[in-house]
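Just add 8 to wherever you are in the sequence shown, counting from 1, and you've got this note's numbering.
In what follows, a single structure is set out as structure tokens and then discussed.
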Amino acid sequence: MIRYALVTGGSRGIGRAICEKLAEEGFHLLINYRSEDAAAEETLQRVKALGADGELLKFDVADTAATQTALSSWAEAHPDAYIEVVVNNAGIRRDNLMVWMPAQDWSQVLNVTLGGFFNVTQPLLQPMLTHRRGRIINIVSLSGLKGLPGQTNYSAAKGGLIAATKALSQEVAKRGVTVNAIAPGFIATDMTADLEEKELKKQIPVGRFGKPEEVAALAAFLASDSAAYITGEVISINGGLY
Ligand code: NAI
């Protein structure tokens, strides 16, 4: 039986690395992305090069109707299948001190992170509960644990997603569905390309930014059968930076 895993924001960065790692574990990848066709295609080619298969699912996770349409079309085309693993990885930053933050930057960040989590996860729950196996993995952030200045919107979104992780985990635990969050510190991707790595890494006990592959290894473990007794948890991966 083909085992399906959906990764949102899979066109690059941490999402791409998670797609590759889950491909190595034998999953068929559903690679969601919003706009970067060429980058998403590159992720798909990498998945195929690893001997797995996959497909591209282009939609904006913040758009409820578009997400519903994409997921219900997929389910109709695959009546005997279900999505066993979902990694809610799509995320954006719109950093600013709150005193200067436009309302749009507040709502966009919440819509992608929190709205995206609901839009993508809700339709996948019933099939997971019916099959009595599912893995929901939410990529949050150190910012959502401690709160970071300049990121009131992002900290609120990731903190909210941590609370949602804990609540949902208790709703679905009896049916073999686990819900966990991964909280990365600084990971070297396009999202952090504008940061002063040389300065920031002085604060990190391990002395460097993390790699997307290091986050992906943790996601693949949480997706595995070995992680069946871990749920409602937030696991930090931050080189010792708290
Ligand atoms: P990235 O900016 O390189 O990739 C983000 C991905 O999300 C892209 O593929 C983008 O197309 C996609 N995306 C954004 N909005 C979307 C939407 N509305 N619908 C569908 N896809 C959308 O970022 P990176 O670093 O790979 O981040 C991945 C996740 O990890 C994000 O949730 C981010 O908040 C989180 N994170 C990243 C950290 C870092 O240091 N890079 C630290 C902590 C958390």
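Positions of the beta carbon are idealized from the N, C-alpha and C atoms, including for glycine.
Every value quoted in this text rests on a predicted model; they were computed, and no experiment measured them.
Beta-carbon proximity list for residue i, same chain, < 6 angstroms, skipping 5 on both sides
i: L146; result: Inspection of the sequence shows that residue 146 is occupied by Asn rather than by Leu. Contacts found: N96, L169, T173 and A189.
i: L118; result: A165
i: H139; result: Y90
i: E241; result: N188
i: V93; result: A13, R143 and A231
i: G184; result: R140 and R141
i: A60; result: A31
Own chain, CB closer than 8 angstroms to residue i, minus 5 neighbours either side, in chain order
i: L203; result: F194
i: F67; result: N40, R42, A74, T75, T77 and A78
i: D113; result: R102, N104 and N161
i: T197; result: R20, G21, I22 and P220
i: A223; result: For the sequence presented, residue 223 should be read as Val rather than Ala. Excluding residues within five positions, the ones whose Cβ falls inside 8 angstroms are I22, A25, I26, I147, I190, P192, I195 and I245.
i: P1; result: Any answer about residue 1 is impossible in this case: the structure gives the chain only from 9 up to 250.
i: L137; result: V180, R183 and V185
i: L49; result: Going by the sequence as given, residue 49 is Glu instead of Leu. Same-chain partners within the cutoff: L64.
Residue from the options with nearest C-alpha to residue i
i: P110; options: R42, E28, N161 and F217; result: N161
i: E179; options: Q134, A164, G215 and L226; result: Q134
i: Y90; options: S80, S151 and A98; result: S80
i: L156; options: L122, S43, R102 and Q130; result: R102
i: K221; options: R11, I238 and E32; result: Rather than Lys, the amino acid found at residue 221 in this sequence is Glu. The candidate whose alpha carbon is nearest that of E221 is E32.
i: V69; options: F126, E49, I26 and V55; result: F126
i: R141; options: G123, L226 and V187; result: V187
i: L52; options: D198, R20 and W82; result: R20
i: V15; options: V128, G240 and P213; result: V128
i: G124; options: A83, W114, D71 and V148; result: D71
i: L38; options: S149, V55 and A46; result: V55
i: A251; options: L65, G99 and A98; result: The chain is shown from 9 up to 250; residue 251 falls before or after that span and cannot be answered.
i: Y250; options: L226, E63, D88 and L153; result: L153
i: G18; options: E44, M9, I10 and G34; result: E44
i: H36; options: R11, I243 and G215; result: R11
i: S149; options: V107, E205 and G218; result: G218
i: G62; options: A46, D88 and G34; result: G34
Contact test: residue i Cβ vs the ligand FAD heavy atom, cutoff 7 angstroms
i: G142; result: This structure lacks the ligand FAD; its bound ligands are the ligand NAI.
Other residues of its chain near residue i: CB distance less than 7 angstroms, five sequence neighbours each side excluded
i: S151; result: Q159, Y162, S163 and K166
i: M199; result: G21 and R101
i: T239; result: S177, A181, T186, V187 and N188
i: Y237; result: none
i: A225; result: K29
i: G99; result: G17, V120, T121 and I147
I want to know whether the segment 67–79 touches the segment 162–179 - three or more CB-CB distances under 8 angstroms. no
Could you check whether the segment 204–213 touches the segment 225–232, counting it as contact only if at least three pairs of C-beta atoms, one from each stretch, sit closer than 8 angstroms? no
Any chance you could list the beta strand (DSSP E) runs of at least 3 consecutive residues sitting entirely within the segment 69–147, in chain order? 91–96 and 142–147
Along the chain, which unbroken stretches of the alpha helix (DSSP H) at least 4 residues long are found entirely within the segment 138–200? 150–154 and 160–180
List, from N- to C-terminal side, the alpha helix (DSSP H) runs of 4 residues or more that fit wholly inside the segment 196–245. 205–208 and 220–231
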